[in-house]
């Protein structure tokens, strides 16, 4: 309940549609569809459907709020890192979801049917703020001309955040990113970084 109250206080000056959707996400314990979320808090599902029909506008508004919050919470002297991480969300029984593909999941250690968002967040000892994301999709699903590797997507997100003048001290990346192309990108942009590298990796 304390977490919910903090979220409501943070969103008190935000569009009511966004606030309603966030509260429903937090309180619903079942499937995250409009009907189930509305049922969990005792409201009509119509406002949630209306919200999703204007998702493009609301997404931009949410991003602006998150960037403002990131700037407000920046404290001089406390190191802040930019974390970028691709995450496999298993969707074994899905049939037709946008960006659905197959990839190896690090937890199950098997190739699964998944969604693979690449998240960008700023993190320090006080806060963790998600800022933006993009989806990685298999080349055979999206096509050779549109395909971008996880490294390319990550570089695009970093460039976007630099363009937005986001402040951070260094970048944190996992074992998927120690490639010559990524090291060249980081050096060209004068970025400090920490990257996990498998012992077997030869660069």
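Residue numbers (our numbering): 435 to 637.
Just so you know, even glycine gets a beta-carbon here, dropped at the ideal spot from N, CA and C.
message: Considering just the uninterrupted stretch of the beta strand (DSSP E) at residue 535, what are its terminal residues?
response: Taking the first residue of the chain shown as position 1, residue 535 is located at position 101. Note, residue 535: beta strand (DSSP E), 535-539.
message: Please give the ranges of any beta strand (DSSP E) in the stretch 540-565, keeping only runs that are unbroken, at least 3 residues long and fully inside the region.
response: 544-557
- request: Classify residue 632 as helix, strand or coil using the three-state DSSP reduction.
  value: Reading the chain shown from its first residue, position 198 is the one you call residue 632. Coil at residue 632, not helix or strand.
message: In the DSSP output, what is residue 606 paired with across the bridge?
response: As a position in the chain shown, residue 606 is number 172, starting the count at 1. Bridge partners of residue 606: 517, 628.
task: Quick one: grab the DSSP three-state call for residue 617.
output: Taking the chain shown and counting its residues from 1, the one referred to as residue 617 is at position 183. Looking at residue 617 - three-state DSSP - the assignment turns out to be helix.
message: Short of 6 Å in beta carbon distance, which residues of its chain neighbour residue 558, apart from the five on each side in sequence? Order them along the chain.
response: In the chain shown, residue 558 corresponds to position 124, counting from 1. Excluding sequence neighbours, residue 558 sits near 512, 514.
query: Can you tell me the Cα-Cα spacing of residue 477 and residue 457, whole angstroms?
result: Position 43 of the chain shown, counted from the start, is the residue given in the question as residue 477. Position 23 of the chain shown, counted from the start, is the residue given in the question as residue 457. Going by the C-alpha atoms only, they are around 12 Å apart.
message: Bridge partners for residue 568 per DSSP, in chain order?
response: Your numbering for residue 568 matches position 134 in the chain shown. Residue 568 pairs with 552.
query: Taking the DSSP output, what are the residues bridged to residue 524?
result: Residue numbering aside, residue 524 sits at position 90 when the chain shown is read from its first letter. Its beta-bridge partners are 548.
- prompt: Taking just the CA atoms, how far does residue 454 sit from residue 462?
  reply: Indexing the chain shown from 1 puts residue 462 at position 28. Indexing the chain shown from 1 puts residue 454 at position 20. Distance between the alpha carbons of residue 462 and residue 454: 12 Å.
message: Using 8 Å as the cut-off, can you tell me whether the stretch 528-537 makes contact with the stretch 547-555, which would need three or more C-beta pairs spanning the two stretches below that distance?
response: yes
- request: Specify the secondary structure class of residue 451 as computed by DSSP and reduced to three states.
  value: Translated into positions along the chain shown, residue 451 becomes position 17. Note: residue 451 maps to helix in three-state DSSP.
query: Considering only C-alpha positions, which residue in the set 585, 460, 479 is nearest to residue 614?
result: Here residue 614 refers to the residue found at position 180 when the chain shown is read from its first residue. Restricting attention to 585, 460, 479, the CA atom closest to the CA of residue 614 is found in 585.
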